[in-house]
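The structure under discussion appears below in the form of C-alpha cells.
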Amino acid sequence: MSWKQVTAAKREQVSSQFPPSWMFAPDEVGGRMKRKNVIQLLTEHTSATEREISELPVPLLLQKLQQGDLSASEVVATFAHRAALSHQLTHCLSEFPYQAAKQRARELDELFRTHQRATGPLHGLPVSLMDRFNVAGLDSASGYASWIGSPKTLHDEGVLINRLHGLGAIVFCKSNVPMSSMVRFFKY
C-alpha cells in the first residue's frame, strides 16, 4: 500500500471508533463550511453537563472523582466526546482507544463502589497523550506513515505511561505530533 492508502486507512480506523451519535452531519463540517466560528459546534453538540465537566479545573475534577461525585465512566465519555468532535474538525487524533478507556473507567468505578475509595491520586482522570508515547495496543507513528500498523506492547510502554496507569489515569486518545517536529533545522 502507498503511504496515502495507509494514512487514509488509519484515519478511517480512528473515526470508525466514534459512536454514531457523536458524528457531525455532513453539511456541518463537509466542504466549504459556512461557519466562521466552529467552536460553537462544540457547544451545540455537547450537553450542559458535559460542558461543565470538561471545563472543570483538573484539581476540582480529581476531587469530584475521588469523592465519588463524578464517575470515571462519565468523565471519560465527556472528554472522549469532545475529542471526537474536535477530531472531525481538525484531524487531531492519531489513536482513539475509546472502548479500552470505557472498560478501564468501568473497572475503576467498580473498584470505587467496592472499596469506597479512589484507586490513586489520578483516579479516573482522562489523559490525552502525544503520539510519540508508546501505549500497549496502539501505534506510535510520530508522523511517519511507515510506522503505522505496528502496535506497541506492554514491554514498549515507558515509565511515564506505567505511572499514569498506576495512579489511576485513563488514556483515552493520542494526538498527532505537530508538523514542526518534522522539519529539519539548517544553519544558513
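Mapping of the sequence shown onto the working numbering: position 127 corresponds to residue 127, and the numbering continues sequentially without gaps.
Note that CB positions come from ideal geometry on N, CA and C, so glycine has one too.
Simplified DSSP state of residue i, which is helix, strand or coil
i    : result
V177 : coil
S150 : coil
V171 : strand
Y188 : Any answer about Y188 is weak, because its pLDDT of 47 lies below 50 and its placement is not dependable; what the coordinates show is given next. Of the three classes helix, strand and coil, the one that applies to Y188 here is coil, per DSSP.
F24  : coil
L6   : In the sequence as presented, Leu is not what sits at residue 6; that position holds Val. If DSSP states are grouped into helix, strand and coil, V6 belongs with the helices.
E74  : helix
R11  : helix
V29  : helix
E52  : helix
Cutoff 6 Å; reference residue i; Cβ partners in own chain excluding five residues on either side
i   : result
A72 : A105, L108, D109 and G124
Closest by C-alpha distance to residue i, when choosing among the options
i    : options                   : result
V135 : G120, A100, Q116 and L111 : A100
E12  : L164, L111 and L93        : L93
N176 : A145, N162 and L56        : A145
G68  : D27, E55 and L111         : L111
P20  : V38, H45 and S142         : H45
R82  : E55, L70, P59 and A8      : E55
H87  : S15, T49, R51 and L154    : S15
T7   : I161, P59 and G149        : G149
Y98  : Q17, K10 and G137         : Q17
K174 : R117, V58, P151 and P59   : P151
Range covered by the alpha helix (DSSP H) that runs through residue i
i    : result
L62  : V58 to Q67
H165 : V159 to G166
T46  : Run containing T46: none; DSSP gives neither H nor E here.
Q17  : No alpha helix (DSSP H) contains Q17, which DSSP labels as neither H nor E.
D156 : Here D156 belongs to no alpha helix (DSSP H), and DSSP marks it neither H nor E.
Own chain residues within Cβ distance below 8 Å of residue i, not counting five before or after
i    : result
V75  : I53, L61, L65, A105, G124, L125 and P126
S2   : none
E132 : This sequence places Arg at residue 132; Glu is not what is there. Around R132: S140, S142 and V177.
>> Please give the ranges of any beta strand (DSSP E) in the region 83-148, keeping only runs that are unbroken, at least 3 residues long and fully inside the region.
In response: Those beta strand (DSSP E) runs which fall completely within the region 83-148 and span 3+ residues are 93-95 and 126-130.
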